[in-house]
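Structure first, commentary second.
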Amino acid sequence: MKGVIFNLLEEAVVDQFGDATWDDLLDAAELEGAYTSLGSYPDSEIMALVAAASEKLALSPAAILRWFGKSAIPSLAIHYPDFFTSPGNVRNFLLSVNTIIHPEVRKLYSGAGCPHFQFQEMGTGELILGYSSPRKMCALAEGFIDGAADHFGEKVTVAHRGCMHDGSAECSLVVEWAS
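Each residue of the sequence shown is one higher than the one before, counting from 502 in the working numbering.
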């Protein structure tokens, strides 16, 4: 996992809960917490922080990851504005993940292991995202969708139909727009 993800998590925790909470999570996870954005760290460290936050806040790890994804979008929009200005809306933003965003991430952060998405646009206006990643952090993807909707001022719901955690080959995230 690239250090930039840890940096985003730290920023989200500190912004909402304060420095002491971040330090508490590092202590509970038995981690040093010195993450550089370009560095690579074991996936187990992000999961240890998620587990510590889950315990501290009495929320499921999936709820923590979803909160994190949603909370990270404003910071991502500040640091990487081009990813957000060109698409203009949530649908185009999501459709640009494989073709624009993740290739740029790989250029910026050598060795980044980005998830892969497959897209299916439905005649009903729904967008189905097939998420696959060995990390199985589909709840983080849900949070990024929620955060992108907030960023673009759109109302969406995300239904998780089929999940790698339950044995599916990929997670199926169905995004619907409120009329």
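Think of the CB as a built atom: it goes at the ideal place given N, C-alpha and C, for glycine as much as any other residue.
Where residue i falls: helix, strand or coil (DSSP)
i    : result
K656 : coil
G631 : strand
L577 : helix
S541 : strand
C639 : helix
E533 : coil
E671 : coil
CA nearest to the CA of residue i, picked from the options
i    : options                   : result
S673 : A660, G626 and G654       : A660
F497 : T522, A573, P588 and G534 : Residue 497 cannot be examined here, being either before or after the span of the chain that is shown, 502 to 680.
L577 : V657, T522, D651 and L509 : L509
V657 : G668, S669, S561 and V675 : V675
S633 : E556, C615, D647 and T625 : C615
E531 : A554, F518 and T537       : A554
A521 : T537, K557 and T625       : K557
I629 : L609, T600 and R592       : R592
Residue i versus residue j: straight-line alpha-carbon distance, rounded
i    : j    : result
E671 : A513 : 28 Å
P635 : A679 : 32 Å
D647 : G612 : 27 Å
H603 : F507 : 17 Å
T625 : C664 : 22 Å
L609 : F518 : 29 Å
W523 : T537 : 16 Å
E533 : I565 : 20 Å
G631 : R662 : 10 Å
Contact under 8 Å by Cβ, residue i with residue j
i    : j    : result
D516 : I574 : no
A640 : A563 : yes
E677 : E627 : yes
E511 : N590 : no
K637 : H617 : no
When the Cβ atoms of the segment 609–622 are set against those of the segment 514–529, are three or more pairs found closer than 8 Å?
no
Counting pairs of beta carbons, one from the segment 557–572 and one from the segment 590–600, are three or more of them closer than 8 Å?
no
Is the segment 503–519 in contact with the segment 535–549, if contact means three or more CB pairs nearer than 8 Å?
yes
Could you say if the segment 546–559 and the segment 579–586 meet the contact criterion of at least three C-beta pairs nearer than 8 Å?
no
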